[in-house]
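For the record, the sequence lines run as chains A, B, C, D, E and F. Mind the numbering: the first sequence is residues 11 to 252 in the working numbering, read in order. Mind the numbering: the second sequence is residues 11 to 252 in the working numbering, read in order. Mind the numbering: the third sequence is residues 11 to 252 in the working numbering, read in order. Mind the numbering: the fourth sequence is residues 980 to 1239 in the working numbering, read in order. Mind the numbering: the fifth sequence is residues 980 to 1239 in the working numbering, read in order. Mind the numbering: the sixth sequence is residues 980 to 1239 in the working numbering, read in order. For each residue, glycine too, the CB sits at the ideal point set by N, CA and C.
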Amino acid sequence: MKVDIKLIDDNGKRLDGRSTEELRKIKIEAGVLHRADGSCYLEWGGNKVLVAVYGPREAIPRHTQNPLRAIVNARYNMAAFSVEDRKRPGPDRRSREISKVISEALEKIVLTEQFPRSAIDVNIEVLDAEAGTRCAGLTAAGVALADAGIPMKDIPVACAAGKIAGQVVMDLGKEEDNFGDADLPIAISPRTNEILLLQMDGHLTLEEFNRALDLAIKGCHTVSEIQKKTILDKYQSVEGVE
Amino acid sequence: MKVDIKLIDDNGKRLDGRSTEELRKIKIEAGVLHRADGSCYLEWGGNKVLVAVYGPREAIPRHTQNPLRAIVNARYNMAAFSVEDRKRPGPDRRSREISKVISEALEKIVLTEQFPRSAIDVNIEVLDAEAGTRCAGLTAAGVALADAGIPMKDIPVACAAGKIAGQVVMDLGKEEDNFGDADLPIAISPRTNEILLLQMDGHLTLEEFNRALDLAIKGCHTVSEIQKKTILDKYQSVEGVE
Amino acid sequence: MKVDIKLIDDNGKRLDGRSTEELRKIKIEAGVLHRADGSCYLEWGGNKVLVAVYGPREAIPRHTQNPLRAIVNARYNMAAFSVEDRKRPGPDRRSREISKVISEALEKIVLTEQFPRSAIDVNIEVLDAEAGTRCAGLTAAGVALADAGIPMKDIPVACAAGKIAGQVVMDLGKEEDNFGDADLPIAISPRTNEILLLQMDGHLTLEEFNRALDLAIKGCHTVSEIQKKTILDKYQSVEGVE
Amino acid sequence: MTLVPIIKRDYICKLATEGKRIDGRKFDEHRKIEIETNVVNKAEGSARVKIGNTQVLVGIKMAVGEPYSDSPESGVLTTAAELIPLASPDFEAGPPRENAIELARVVDRGVRESEVVELDKLCLEPGEKVWIVFIDIHILDYDGNLFDAASLASLAALSTATVPAARFEVGEDYPLPLKDPPISCTSVKFGNFVVMDPSLDEEEIADARLTVATDKNGDIRAMQKGLNGSFTREEIQKVIKVSLDNGREIRKQLSESTGK
Amino acid sequence: MTLVPIIKRDYICKLATEGKRIDGRKFDEHRKIEIETNVVNKAEGSARVKIGNTQVLVGIKMAVGEPYSDSPESGVLTTAAELIPLASPDFEAGPPRENAIELARVVDRGVRESEVVELDKLCLEPGEKVWIVFIDIHILDYDGNLFDAASLASLAALSTATVPAARFEVGEDYPLPLKDPPISCTSVKFGNFVVMDPSLDEEEIADARLTVATDKNGDIRAMQKGLNGSFTREEIQKVIKVSLDNGREIRKQLSESTGK
Amino acid sequence: MTLVPIIKRDYICKLATEGKRIDGRKFDEHRKIEIETNVVNKAEGSARVKIGNTQVLVGIKMAVGEPYSDSPESGVLTTAAELIPLASPDFEAGPPRENAIELARVVDRGVRESEVVELDKLCLEPGEKVWIVFIDIHILDYDGNLFDAASLASLAALSTATVPAARFEVGEDYPLPLKDPPISCTSVKFGNFVVMDPSLDEEEIADARLTVATDKNGDIRAMQKGLNGSFTREEIQKVIKVSLDNGREIRKQLSESTGK
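Structure below.
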C-alpha cells in the first residue's frame, strides 16, 4: 500500500522532530544481568535491546572449534512480542542473516587468537523493535563484550544513514524505514574507521552513497562516545564500591 | 460449550454406575511382548496401555550418561487412533510433560545407583485413551519394570481422585474429567506412601484436597494389590513351566 | 479424474509416436561438473537428470561407518521447478524411498569391500521430471560412478516396462504412467542379468509380468550400450588430450 | 553388529544346505498367523496381527476434509508407520526414517493401487468435502517380516471399519466400502536360498528381499525388492509362485477372521 | 556437574540443620520481589518480574483468529516459554525442551484452569472470530524458581494488557477482562528440609519440587510436583501452608504494582 | 582446513604483490561468463549461468495464491537457495544453513528492492488472488562467487519467464513483466589486495567480501559486506568503481543472451 507521508516538513524537520543529521535518543546501561559474564541494556529511539555475553568457554560441539582462535557466535533474536504482529518464536531467515553479519563484524574486533578452541557467545534479544535493531544490537554487544572483559582491539559501534524524501539523513526511524528510499546500516571500529559491517538496500547515486557513508560514520562516533561513557561510569561505580 | 450433565445421580451413582469411592475395572497382564526385556498390557476402564522396558543398557548419546547412576527415560506416547479426533503421530507438549513427570517418579523408585552410565527405557503406548492415561501408564510401567527384573525399592503405582458435582470421588472417567471440578493424579510407593507424582488442576478447598489425596492413596493401594497379583501369577506360571 | 485417452492408436503407435517396444530418446554426457569426482548429465525423453559422485571418503558421522566395507549413499532429489506444481525443497517420503532402493541397488555392484569405513555419495538431481526419473537417475549414477573411477563389477543400468491399453510396452511416458495399468521399473547388472532393483505397481497377470520383465531387461541392455559408448567417448577424448 | 551376524549367517546357511530353517519351518512355509479385530475402541476399525512373535496393531481413523485437486470426487487415503522403540531395542524415537517410510509406502501402495478402499464412494461434496482415511501402523513387537504383518493388519482393520458419519453429522454410520484385497507375501534370499516369511534372524543375514502382493485371481498387484542383494529371473518366478500359494491360505484366514 | 553439587549439597544441608539458608533467608521466606509493568511498547501488556536475581519478562500479544471447534464462543489462550541462552550458561538455543515445556504448561494451566482471562468475553463472532491471547515468557536471568517468576510476570502482564480492538478494526480498545488470579508458590525439598522460593544453588541440589497455586479464598487452584524425589503427606501439607501464607503477601504486592 | 589455506594464502598473496592472480586474471577482471536460458521445460523460466567453473541453475515457478495483508494488490516473490551436496564436497544435505540463507536473501533483496519483477502487475483479485513467483536457486558446481552467479541466473531466468495464466485458467500466457535489473558484482579482499569475481581459492583465503549491485544509470541498488574482515572507506569506493565497470559489461551480455 502506497501511503502519502511527508517524511520531512518545510522546516527540514522529520516526523519525530529530528533534524536530518540528528540521532534518536540513546540510553545504555552495562552489567544489568547476574548470570551473564557481561551484559548491556540499550534503548535507541523505540528500540529496546538486551545483550548477554558468555565466554570465552570451550566451543561445543567440538567440530566447531578452531584450533587457532575463538569463534564469536552472535545470536540475534526478536522476542515474540517485540513487533506489532506477534512473531513466531525461534530463528527465521532474517534473524539468521543478521546473526551472521554481526558475528562476522565482532570476530574482526575481538582478539580471538588469545582463545583457541573457544567460543564467545553474544546473545542479542530485541525486546522492542522500531527500525535499526541490528545497529542497536551490535552497539549493545560492544558494551557487553567490554563488560565481560573480553579483550578487543576497539569497541565496535554501529549506526545507519539513509535517504528519505530525496535527502540523505541520519538513523532512520520506523516510518522512514518503511517509506524511505534507502537504508545503509554500518558498523565500524571507531579508532581506525575500518568498516566491519555494511549493508545497503534501496537506491542511491554514487554521490548520495558517499554522503550517507560519511554520515553513518559520524553517527557511529557519536554513539561510540555514549558507549565509552557507559563503560567508564560502570567501571568507576565498581571502583567506588571497592 | 457448557453441557448440563448430571455427573452423580440421586442414588449417589456416577454415569457408569460406580459409587464415589469405586475404581473403574482394571486388568493387568505381564510379559506380553517377545522383544522387550519386560512388558505389561493394562486395561483401566476404557484405557488400554502397553508398556515395554528395555535396559539397563549403555546410555546413548554418551553425554546423557550419569557416571553415578542410571537414567530412566519414560516415553509416553498416544497412538494416532487412541483418541476421538486422530492425533498427529509424534510427541506434543502434553506428552513430553507427562513423559517428564513419569520419568522423575520412576527414577525415585528404581535402584539407579546399581547401573552407572546406563539407561532404562520405559516405552508407554496408549492404545485407547479415556481419562487417566498417565496413571494407567505409570501403573503398567511399574509391572513392566518388575517383569524386566529391574531392581526397585517398591512397585510404583498411580491413581487419581477428583471432584465432580461438588463431591470428592475416586478415579475420574471421561465425562467426569471433561465436566468435573478438579483432578488430582498421584503416584506413590505403596510400601512407604511416599508421593512420587502429583499434579492438580481445578479448584479444591484445603479440606477437599486432603480428602482427595487420601482417596487417591487408597486407590493406589487397591491397584497395587492387582499389580502384585499379576506379577505373582506370572512368576508362578513360569515356575510351573520349569 | 478419469480421462479418456487413447494411449495406443490403431497403427500400434503410442502418444509420442513410439512403437510398443521402443525407448524414448536418451542422451548421456559424462564428466560435466568440475568439483565432483565423477558426474553425468542425462536426458531421457523429457527427463533431465544430473548426477555427482563424491568419494570414497571417510564416512561421517562415524557411527555410520561399516568396518568391512564402504556405504553407498544415493540421494535422489527433485528440483523445486522440475514438476508442474512447484515442489517444496527438501526430501519427502517418495524421494527418501527412491534414495533407499537406488542406494541398495548400487551397493550390490560397487566393490565396497575395497573401501572399509568409507562413504560413496551419489547425488541425483532431477531437473526436469517426466515419468521414469528413478530409472534415469540410476542409469546416470552408473555413468557418474564410472567417471569417478569407482571400482564396480559392472555398470548398473535401469529401465521400466509397463502395461497400457491392455498391452505390455517399453518405458512409459508421462500420460502412460498416469493413465496406464501397471509400471515395472527395474535395474540390472547387464553382464549377468541379475536384478538389482524391482518395483511394481498396478495389475499384471503372471504371463504379462513375465513379458514385461523380459522387455525391461531388453531395454536395460539397449541403454547399457549408450552408457558404455558415453564412457568410452569420454575416455578416448581424455586419451586424445594427453 | 558385524561379527555376530557372520556367525549367525554361517549357521543359518549350513542349516539351509540341509533343507532346514532355524525355527524348523520349510522354506516356503509361513509362521503361525493370528488375526484379532476391533481391539481399539476409539478407532473406526482396528486389528492386531501376530506372525510368529511379530506383532502389529493397525488403527483406522476417519475425518472429513478436502479432496486433492486432481481427484475432486475421491476420498483421501493416508498411511503412516512408526517403528516405535516399544517394539525393538534397535528402534529409536523420532520422525520416521527410511525403513519406516518404505514400510508405510509399500503398505500404502498395496492398498491404494489395488483400490481396496473404494475411494470414489467416499465423496461428500465434489471438490469440497470427502472422507479422509488414516491407516496408522503401530509395530508392537518386531521379530521379522513387518511388511506382511503390517499389510495384513491394515487389511483386517479396514475390513472391520465403520464410516463414522453420525459423529460427523453427515448421515448414518455404514461399513467402509472395500474391494477384495491383494495379500502381500515376503521372501528373503541368503546365499542361494530363498525362504518365505523371514524371522528376524533370517532378515538380519538376508541379502535381498522381495514382497509380492497377489489377488484372488492369481494376478500380481504390487512388488517391492529391497536390500543390497540381487535376484535372478528364476528366483523371482519362484518367489511369485510361493507368494501365490501362501497368499491363498492367508486370504482364507483373513476372510474367516473378519467375516468377509 | 556431579562433583560440585555434592560438595554444595553437603554445605547447604549442613546450614539447614542449623536452620539457615545460604542467602540468609528463613525456610519459609521468599526473596525480594520487584514487579515492573508496561516495559515493552509493542506488546498489548508486559511485565518484568525479579525474584532475587531471577528476572523474567512476559509480553502479551493479541490477534484475531478462529476459536477451537469445541468452544466456539471462547477466546484462545496460548502460552510459550523459551529458556533463551541469554539467561544462563546452561541454556541452549533451539526448540523448547522438557524444562521449558513443563514451565509453559504449568503457567498456562495456572492461568487457564483458574479462568484468570475471561475467555468467554473474547468472542467476536461465535464459531468464526475470537481473540487469541499469546503469553510469551522470556527468561532474562536465571537464578532459580522460574515457575513463580514466570507465573507472576504473566499475571502482571495480563493485568495491564489492553485488547487492541482499534488496531484490528473491531471497535475500541478496552482492558483485557480478568478475574482474581491464583498465586503460585514453589518449594523444594533436600534431605528432610523443605524451603520456599529456592535459589539456583538450592534448586541444583534439590530432590523434589512442589508448586502450589492458591487463590484469595485460600483454595488450591493448581499443583505440580517435579524432580525425582518424593514428598510425604505431611510435607505436602506444610508446603501448602507456606504457599498460602506467601501467596497472600505476593498477591498484595501484585495488586499494588498493577493498581488492580 | 587451517593449514592448507595458510600455505595457499601465502602463495596467492605473493602472486598478488606481483600484480598477478592464480588463474592469470587481472585484479578487476571477471571470469568467462556463459548464460543459457530455457534449460528446464517444467519451469516458467529458467537459466543456467557459468562463471568460470561455477555453475548455477535457476528455475522460476509460479502459482496463484493470497497476497500479504499489507500489500493486497501486489504479487508475492519468494527466493530459496539450496547448497545441495551435488555442487561441492563441503555442502551437506539438510535445511539451508547460514551461507545458503544469506545467498538467498541477498539475491532476493537484489530483485525485490530494485523492483525487477513488477509485482503490482501480478494482481488477479485485490486482497484475494495474486501471482506467487518462486525463484529457486540450484547450485550445480561451486568454484567461487555464488552471489554473482546466482543473481545473474535469477535475472536471466526471470527474463525468459512466462506467466502461466492458461494453465491456471485465468487468461492467456504473457511474459513476466520486468524492469531493468541491477547487476551484482562481488569482490574480496585479502591482505591489502582487492580482487573482483573471486575463484574458490581466493574465497577460501579472503578476509572480507563486498557485493555491489548497480543499475544502468550507474546508481547503487544494493550492497552486502561479508566475512570477518574490514574495508576502508577507500577500498569501498574502489569496489564500487570496479562493480560499475564490470556490471556494464555483464548487463550487455545478459541482454544479448535473453534478447531483452
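Next item on the list: Quick one: list the residues of chain B neighbouring E/Asp-1198, beta-carbon separation under 9 angstroms, in chain order.
Entry: His-213, Leu-214, Thr-215, Leu-216, Glu-218 and Phe-219
Check: With a cut-off of 8 angstroms, do at least 3 Cβ pairs link the stretch 1169-1189 of chain F to the stretch 1095-1113 of chain F?
Finding: no
Margin query: Classify B/Pro-99: buried if its beta carbon has 16 or more other beta carbons within 10 angstroms, exposed otherwise.
Written below: buried
Next item on the list: Indicate whether at least one CB of chain C lies closer than 8 angstroms to the CB of D/Ala-1201.
Entry: True, the Cβ-Cβ gap to chain C drops below 8 angstroms.
Item checked: Assigned exposure category for B/Ile-15 - 16 Cβ within 10 Å defines buried -> The residue is exposed, with fewer than 16 neighbouring Cβ atoms inside 10 Å.
Check: Which chain D residues are close to B/Val-93, counting only those with a beta carbon under 7 angstroms from its beta carbon?
Finding: Lys-1021
Check: Is there at least one Cβ from chain E nearer than 8 angstroms to B/Met-210's Cβ?
Finding: yes
Margin query: To be precise: take each residue of the stretch 115-139 of chain A, compare its Cβ to all Cβ atoms of chain E, and keep it if any distance is under 9 angstroms. Which residues remain?
Written below: Asp-131, Asn-133, Ile-134, Glu-135, Leu-137, Asp-138 and Ala-139
Next item on the list: Can you give me the Cβ contacts of E/Tyr-1047 inside the same chain, cut-off strictly under 7 angstroms, excluding the 5 residues immediately before and after it?
Entry: Val-1055
Margin query: When you compare the CB positions of B/Met-210 and E/Met-1202, do they come within less than 8 angstroms of one another, or not?
Written below: yes
Item checked: Counted within 10 angstroms of its Cβ, other Cβ atoms place C/Pro-279 as buried (16 or more) or exposed -> No answer is possible for residue 279 of chain C: the residues shown for chain C start at 11 and end at 252.
Item checked: Short-range partners of chain F found in the stretch 192-205 of chain A, where Cβ spacing is below 9 angstroms -> Ala-192, Leu-194, Ile-196, Ile-198, Ser-199, Thr-202, Asn-203, Glu-204 and Ile-205
Item checked: Beta-carbon contacts of B/Ser-247 that lie in its chain and below 7 angstroms, excluding the five residues immediately before and after -> none
Check: Can you list the beta strand (DSSP E) stretches of 3 or more residues lying completely in the stretch 1103-1169 of chain F, in chain order?
Finding: 1108-1120 and 1162-1169
Next item on the list: Would you please state the rounded distance, in angstroms, between the beta carbons of C/Leu-25 and C/Gly-183? I believe it to be under 8 angstroms.
Entry: 7 angstroms
Check: Buried or exposed: B/Met-11, going by 16 or more other Cβ atoms within 10 Å of its Cβ?
Finding: Legend: pLDDT at B/Met-11 = 40, less than 50; position of this residue unreliable, value from coordinates given subsequently. It is exposed - the Cβ of B/Met-11 has fewer than 16 other Cβ atoms within 10 Å.
Next item on the list: Could you check which residue in C/Cys-145, C/Glu-235, C/Ala-192 and C/Ser-234 has the C-alpha nearest to that of C/Val-112?
Entry: The question names Val, but residue 112 of chain C is Ile in the sequence shown. Closest by alpha carbon: C/Cys-145.
Check: Nearest-angstrom Cα distance between F/Ile-986 and F/Ser-1178?
Finding: When rounded, the separation of the alpha-carbon atoms in F/Ile-986 and F/Ser-1178 is 17 angstroms.
Margin query: Let's test the definition: count the other Cβ atoms within 10 Å of the Cβ of C/Arg-72 and tell me whether it reaches 16, buried, or not, exposed.
Written below: exposed
Notebook entry, point to check: Roughly how many whole angstroms lie between the Cα atoms of F/Glu-1081 and A/Ala-84?
Noted result: 15 angstroms
Margin query: So for D/Met-980, helix, strand or coil by DSSP?
Written below: A caution first: D/Met-980 carries a pLDDT of 43, below 50, which makes its placement in the model unreliable, though a value can still be read off. Coil at D/Met-980, not helix or strand.
Margin query: Let's test the definition: count the other Cβ atoms within 10 Å of the Cβ of A/Arg-34 and tell me whether it reaches 16, buried, or not, exposed.
Written below: buried
Notebook entry, point to check: Would a C-beta distance cut-off of 8 angstroms place D/Leu-1036 and D/His-1117 closer than the cut-off?
Noted result: yes
Next item on the list: With 8 angstroms as the threshold, decide whether the Cβ of B/Ala-90 is near any Cβ in chain D.
Entry: yes
Checklist line | Neighbour-count burial assignment, B/Gln-237, 16 or more Cβ in a 10 Å radius | finding: buried
Next item on the list: With DSSP collapsed to three states, give me the class of C/Asn-21.
Entry: coil
Check: Comparing alpha-carbon positions, which option in C/Pro-200, C/Asn-76, C/Leu-194 and C/Asp-131 lies nearest C/Gly-48?
Finding: Cα-wise, what sits closest to C/Gly-48 is C/Asp-131.
Notebook entry, point to check: Residues of chain B with CB under 7 angstroms from E/Asn-1207, in chain order?
Noted result: Going along chain B in sequence order, the residues near E/Asn-1207 (Cβ under 7 angstroms) are Glu-114, Glu-117 and Lys-118.
Notebook entry, point to check: Given C/Lys-163, which residues of its chain have a CB within under 6 angstroms of its CB, disregarding the five upstream and five downstream residues?
Noted result: Excluding the 5 residues flanking it on each side, C/Lys-163 has same chain C-beta neighbours closer than 6 angstroms at Ile-119, in chain order.
Check: For a contact meaning CB atoms closer than 9 angstroms, what does E/Asn-1032 contact in chain A?
Finding: Leu-43, His-44 and Arg-45
Checklist line | Rounded separation between B/Lys-97 and B/Asp-138 - CA only | finding: 12 angstroms
Check: F/Val-1019: which of F/Val-1043, F/Ala-1136 and F/Asp-1127 sits nearest, CA to CA?
Finding: Among F/Val-1043, F/Ala-1136 and F/Asp-1127, the Cα nearest to that of F/Val-1019 belongs to F/Ala-1136.
Note to self: Quick test of the definition: if touching needs 3 or more C-beta pairs under 8 angstroms, does the stretch 45-63 of chain A touch the stretch 1137-1147 of chain E?
What the structure shows: no
Next item on the list: Using a Cβ-Cβ cut-off of 8 angstroms, state whether C/Arg-106 counts as contacting chain D.
Entry: yes
Note to self: Does any residue of chain E have a CB that is nearer than 8 angstroms to the CB of A/Leu-17?
What the structure shows: no
Notebook entry, point to check: Which residue's Cα is closest to the Cα of A/Ala-171: A/Val-153, A/Leu-223 and A/Arg-127?
Noted result: Closest in alpha carbon position to A/Ala-171, among A/Val-153, A/Leu-223 and A/Arg-127, is A/Leu-223.
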